[in-house]
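What follows is a set of notes on a single structure, which appears directly below.
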Amino acid sequence: MTVTIGSVVAPMWVDVLDASVQACLVHGRTDLAARLRARRAQLLDPALWVVVLGEPGQGKSQLINALINAPVCPVGDAGTTGTPTVVRHAEQPGALLVHRAARTALTVAEAAPHIRGREALRAEIGVPRALLAGGMTLVDTPAATPVTGWPELLGGLGEHPPADTVVLASAATAELTVAELDLLRDAAAAVPNVIVALTKTDLAADWRAVADRNRQRLAAAGLSAAVIPVSATLRLRAARTGDAELNAESGFPELIGRLNRDVAGKPHALARAAAAQAARGALEQVATPLRARLTSASAPSQAMARLNEAQRALDDVRRRQVRWQNTLNDDVADLVSNVEFDLRDRTRQILRKVDAAFETADPMTAWDEFASWLDRELKAAAEANFSWLIAQCEWISHRVAAHFGEYGQDALPTWRMHVPDDLDRMVPHLEQPGVEKFTITQKALTGLRGSYGGILMVGLATSLAGMPLINPVSVGAGAILGGKTVHDESKTLLKRRQAAARTRTQRHVDDFFLLVSKEGKDTVRQAHRLLRDHFLDLTDRLQDAIVHSVRTAKLAADADVAQTERRQREIELSLRELAGLYRQAQQLQPAPQTA
Numbered sequence: 003m004t005v006t007i008g009s010v011v012a013p014m015w016v017d018v019l020d021a022s023v024q025a026c027l028v029h030g031r032t033d034l035a036a037r038l039r040a041r042r043a044q045l046l047d048p049a050l051w052v053v054v055l056g057e058p059g060q061g062k063s064q065l066i067n068a069l070i071n072a073p074v075c076p077v078g079d080a081g082t083t084g085t086p087t088v089v090r091h092a093e094q095p096g097a098l099l100v101h102r103a104a105r106t107a108l109t110v111a112e113a114a115p116h117i118r119g120r121e122a123l124r125a126e127i128g129v130p131r132a133l134l135a136g137g138m139t140l141v142d143t144p145a146a147t148p149v150t151g152w153p154e155l156l157g158g159l160g161e162h163p164p165a166d167t168v169v170l171a172s173a174a175t176a177e178l179t180v181a182e183l184d185l186l187r188d189a190a191a192a193v194p195n196v197i198v199a200l201t202k203t204d205l206a207a208d209w210r211a212v213a214d215r216n217r218q219r220l221a222a223a224g225l226s227a228a229v230i231p232v233s234a235t236l237r238l239r240a241a242r243t244g245d246a247e248l249n250a251e252s253g254f255p256e257l258i259g260r261l262n263r264d265v266a267g268k269p270h271a272l273a274r275a276a277a278a279q280a281a282r283g284a285l286e287q288v289a290t291p292l293r294a295r296l297t298s299a300s301a302p303s304q305a306m307a308r309l310n311e312a313q314r315a316l317d318d319v320r321r322r323q324v325r326w327q328n329t330l331n332d333d334v335a336d337l338v339s340n341v342e343f344d345l346r347d348r349t350r351q352i353l354r355k356v357d358a359a360f361e362t363a364d365p366m367t368a369w370d371e372f373a374s375w376l377d378r379e380l381k382a383a384a385e386a387n388f389s390w391l392i393a394q395c396e397w398i399s400h401r402v403a404a405h406f407g408e409y410g411q412d413a414l415p416t417w418r419m420h421v422p423d424d425l426d427r428m429v430p431h432l433e434q435p436g437v438e439k440f441t442i443t444q445k446a447l448t449g450l451r452g453s454y455g456g457i458l459m460v461g462l463a464t465s466l467a468g469m470p471l472i473n474p475v476s477v478g479a480g481a482i483l484g485g486k487t488v489h490d491e492s493k494t495l496l497k498r499r500q501a502a503a504r505t506r507t508q509r510h511v512d513d514f515f516l517l518v519s520k521e522g523k524d525t526v527r528q529a530h531r532l533l534r535d536h537f538l539d540l541t542d543r544l545q546d547a548i549v550h551s552v553r554t555a556k557l558a559a560d561a562d563v564a565q566t567e568r569r570q571r572e573i574e575l576s577l578r579e580l581a582g583l584y585r586q587a588q589q590l591q592p593a594p595q596t597a
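Here the sequence shown is numbered in our numbering, starting from 3 and rising by one per residue.
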C-alpha cells in the first residue's frame, strides 16, 4: 500500500515510521526517534545490508569469501576478524580503513592484518562482483562470545548500524549453543530476516540430523530463522573448477537465491516488515512507562494515605476516650470504697487499744492522758488515710495517662494533691464522761450496811451458843463483811466508769469517722472532677489537631484525586493513540502478530 505525499508516492510504512517518530518525540524519547529516523533512511536505501555473525571457528569470514568468490576477509590460523568489515561492489578492488579522525586507503591484501586487529573503527572493501552489483552489501563482524551482545558486534558501524538480513554462521559439527540462540534473539528483535547458515557440512557426516535438530531448537525458542546448510570449501572448489554439480552440493545457490530475493523485496515486503518491527519495538518502549504510570496513578496516593491515616487517628482518639473514661470511673469507684474501708480499719484498731486500756485503767484518774493519746492516734489515722488516698489518686492519674502514651506528650496533670494542713478540725474535742465518785460518806454507809448484816447473821448464830447478839465474833464478822461490801461497791463503780468511757470514746471515734470519711469522699470526688476535666481537655485538643489534619488531608486528597484523574485520562489517551499506531504497524506485515 502506498500513499501520495505532494507529488511523491511514498510507501505506507514511511508514514507509520514518521508517525512513530513523532510519538517518540512527544513522549520525550529522542533516542528512539533518532533510531527510527536512521532505520527509515536505511530502508529507503535500495542496498541490502547483510550482517554475518558467528562464534570463533564457525567459518563466518570464509562464508563471505565463498559468497562472492573472493578472499576479502582474512581466514585461517593467523587470526579472525577483529574489525567490522563492510564488503560492497566496486569497479576496482580496494580497501579503506576508517579511524576516528582519518581514513587510510589500502589494497585488499594490505588490509587483512589490520582487519585482524582492532585499531580501526571499521574496514570498507570494494570488489567487482555481480552479486554485490545488484545492491547487496555484506558485513563481516568480529567473532561473538557468550558475553558479546548485538551492539558490541556492530559498534564500529556508527550509532545506528544498518542491517536488513542477519546470517548466523554455525558449524554443522554441533548443534546451536545457548549463546548462539541468545544472539539470534537479539538479531530477530532488530531485523525481520534471520538466516542460520549451517557451515562446514563437508566435515560433518550427520549435518542433516544436526540441521533438523537446529530447526527444532529454533522452533522451541520461538525463532523463525531459516536453516541453510552450506560448505564454503565445496563452493570455492566448484568456482575454481567450474563444476555446477559441486556448486549445487555446496548449498550456496539456495543461500544466494534467498539473499537475492531479499534484495528484490527490500523496497516492498522486507521494508514493510522491518518498518513494522522497528515501529512496534519503539512504541512498546514508549508505552511501557506509560502503563507503569497508569498503574501507579490508579494506586492510592500519598495524600489519600495521609487522609486515611488521619481518619484512623481520629477514630483511635475517640475509642481511647471511652477507654480512659471507663478506667477513671472504675478506679474512682474502687477508691471510694477502699478509702472508707481503710479509715474504718484504722479506727477499729484504735478502739481495740481503747478497750484494752480500760480493762485496768480508771478513767477518773487517767482521763487527761488518755484523751491526749486518743487525739494523737486519730490525727495519725486521718493523716495516713489521706496520704494513702493521695497516692491512689496519683496512681489513677498515671493509669489514665497511659492511654495517651502513644501521642508523644506528657498527659499527666500539672497540679498535685497534698495532705490537708487542718487535720485538727477533723478531730473533735473529747469530753470526759460524767462518772460517779465514791465519797467517804458513801463508803461509810456502804460499810455500815455490810457490817450490819454480818453482825446480825453471826450474832444470831452465836446466840444459840448462849452468847449475846453483839459479841466480839459478830462484831468481827460485821467488820469483815462491811469492808468487803465497800470493796465490791468500789469495783462496781470502776466498771461503770470504764463502760461510760468506752461508750463516750466509741461515739467520739464515730464522729471522727464521719468527718474524715466525708472529707475523704469529697476529696476523691474533687480529684475525679479535676482528672476528668484535665483529660477531657487533652482529648479535645488532640481531636481538634487531628480534625484539622483530616480536613487538610481531605483537601489535598480531593486535589490529588482530580489531578490523578486528569493524568489518567491523558495517559489513557496517549496509550490509545500508541495502540492505534501499533495496529497500523502490525498491518504492514502479511500476518499480524499479537502485541
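For glycine and all other residues, C-beta sits at the position ideal for the given N, C-alpha and C. Only a predicted model underlies this, so the values are computations on that prediction, with no experimental measurement involved.
Nearest Cα to A111 within the set L98, G137 and T554: L98. By the Cβ criterion, the segment 115 to 131 is in contact with the segment 72 to 87, since at least three pairs of Cβ atoms, one from each stretch, lie closer than 8 Å. Rounded to whole angstroms, N195 and D560 show a C-alpha spacing of 53 Å. For E126, the enclosing beta strand (DSSP E) covers residues R124 to V129. Residue environment: E379 is assigned as buried (16 or more neighbouring CB atoms within 10 Å of its CB, all protein chains considered). In this structure, the straight-line span from the alpha carbon of D357 to that of A384 is close to 20 Å. With contacts defined as CB atoms closer than 8 Å, T179 and D204 fail to qualify as a contacting pair. When L140, L183 and Q528 are compared, the shortest CA-CA separation from I392 is found for Q528. Distance from L285 to L583 at the Cβ level is roughly 6 Å; contact confirmed, criterion being Cβ atoms closer than 8 Å. Counting along the chain, S399 sits inside the alpha helix (DSSP H) bounded by residues P365 to A403.
Under DSSP, W51 takes part in a beta bridge, and its partners are T139. Here L532 is not near W375, since their CB atoms are 8 Å or more apart. When secondary structure is reduced to three states using DSSP, G119 falls in the coil class, being assigned neither helix nor strand.
Straight-line measurement puts the Cα of R282 at about 9 Å from the Cα of S22. The continuous stretches of beta strand (DSSP E) do not include A221, which lies in the alpha helix (DSSP H) extending over residues W209 to A222. Taken through DSSP and simplified to helix, strand or coil, S226 comes out as coil. Going by DSSP, V74 is part of no beta strand (DSSP E) at all; its letter is neither H nor E.
If you ignore the 5 residues before and after V421, its C-beta comes within less than 8 Å of the C-beta of E385, F388, S389 and I392, all in its own chain and listed in chain order.
Closest option to V52, judged by alpha-carbon separation, among M138, P130 and L65: M138. Assigned with DSSP and collapsed to three states, G56 falls in strand. Within the DSSP bridge table, the entry for T106 names L99 as partners. For N195, the pairing in a beta bridge is given by DSSP as T167.
Judged by their CB atoms, C395 and M428 are not nearer to each other than the 8 Å cut-off. Sorting F515, W369 and V141 by C-alpha distance to the C-alpha of P430 places F515 at the top. Membership of T87 in the beta strand (DSSP E) is indicated by the continuous run T87 to H91. Judged by DSSP in its simplified three-state form, L156 adopts coil rather than helix or strand. In the DSSP annotation of this structure, the continuous segment of the alpha helix (DSSP H) that includes M14 starts and ends at M14 to V28. With the rule of 3 Cβ pairs closer than 8 Å, the segment 550 to 565 counts as touching the segment 303 to 322. Judged by DSSP in its simplified three-state form, P269 adopts helix. Closest option to G128, judged by alpha-carbon separation, among E371, P73, D546 and A403: P73.
Non-local beta-carbon contacts of W326 in its own chain, meaning distances under 7 Å to residues more than five positions away in sequence, involve V402, H405 and F537 in chain order. The closest CA to that of T201, considering only H400, F372, Q287 and G59, is found on G59. Residue state for L590 is assigned as coil, using DSSP reduced to three classes. In the DSSP assignment, L178 falls outside any alpha helix (DSSP H), carrying neither H nor E. DSSP, reduced to helix, strand and coil, places T201 within a strand of the structure shown.
With contacts defined by Cβ atoms closer than 8 Å, D364 and R499 form a contacting pair.
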